[in-house]
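Here the sequence shown stands for residues 1 to 112, where the numbers follow full-length UniProt numbering.
Beta carbons are placed, not taken as given, at the ideal position from N, Cα and C, and that holds for glycine.
One structure is given below, encoded as structure tokens.
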Amino acid sequence: MSQMLSFDDEARAEMLCYLVIGELVAMARTGEWLRTDHLVESARIWMTANGAKCDWQDRVALAQTAAELAPKVLASFQLATEQSLAPLSRMAGCSTIDRRSSATSMGSAPLD
């Protein structure tokens, strides 16, 4: 049985990172930010992969923060291509974003 992750500040930061990278991947691949339903699904995928539990208000707040933060990250660090995002997603431990969220939500192949 998997161990449940406490949804503390560290878990919130990890999920936020995951969601921002998901937004950046979407922009690099499609030229558009993720739709709200894709952000919500990405949060659910992260929680499942990490054995985390949180209420829907926390998920919505983090998704909204990611949607607001991603354009700022894009502008600040010029992460506009898949090649520029691949090392970042690996460093952040965001392997599930490549295989599940991006591939299923946008019909694309995984980053690598």
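Can you find a heavy atom of the ligand ADP that lies under 8 Å from the Cβ of residue i?
i	result
GLN64	The ligand ADP is not among the ligands present in this structure, which contains no ligands whatsoever.
How should residue i be labelled, buried or exposed, when 16 other C-beta atoms within 10 angstroms of its C-beta is the threshold for buried?
i	result
ARG35	exposed
SER6	exposed
CB-CB under 8 Å to residue i, same chain, minus the five flanking residues each way: which ones, in chain order?
i	result
LEU39	LEU19, GLY22, GLU23, ALA63, ALA66 and ALA67
TRP33	GLU23, ALA26, MET27, ALA67, ALA70 and PRO71
ASP9	none
Taking 7 Å as the limit between beta carbons, can you name the residues of its chain near residue i, skipping five residues before and five after?
i	result
MET15	ALA43, TRP46 and LEU62
For residue i, which residues in the same chain have their Cβ closer than 6 Å to its Cβ, ignoring the five residues on either side in sequence?
i	result
CYS54	PHE7
If you follow the alpha helix (DSSP H) that residue i is in, where does it begin and where does it stop?
i	result
PHE77	56–77
TRP33	Counting along the chain, TRP33 falls outside any alpha helix (DSSP H), and DSSP gives it neither H nor E.
Residue i to residue j, Cα distance in whole Å?
i	j	result
PHE77	GLU41	26 Å
ALA52	ALA13	13 Å
GLN57	THR48	17 Å
ALA75	ASP37	24 Å
VAL60	GLY31	23 Å
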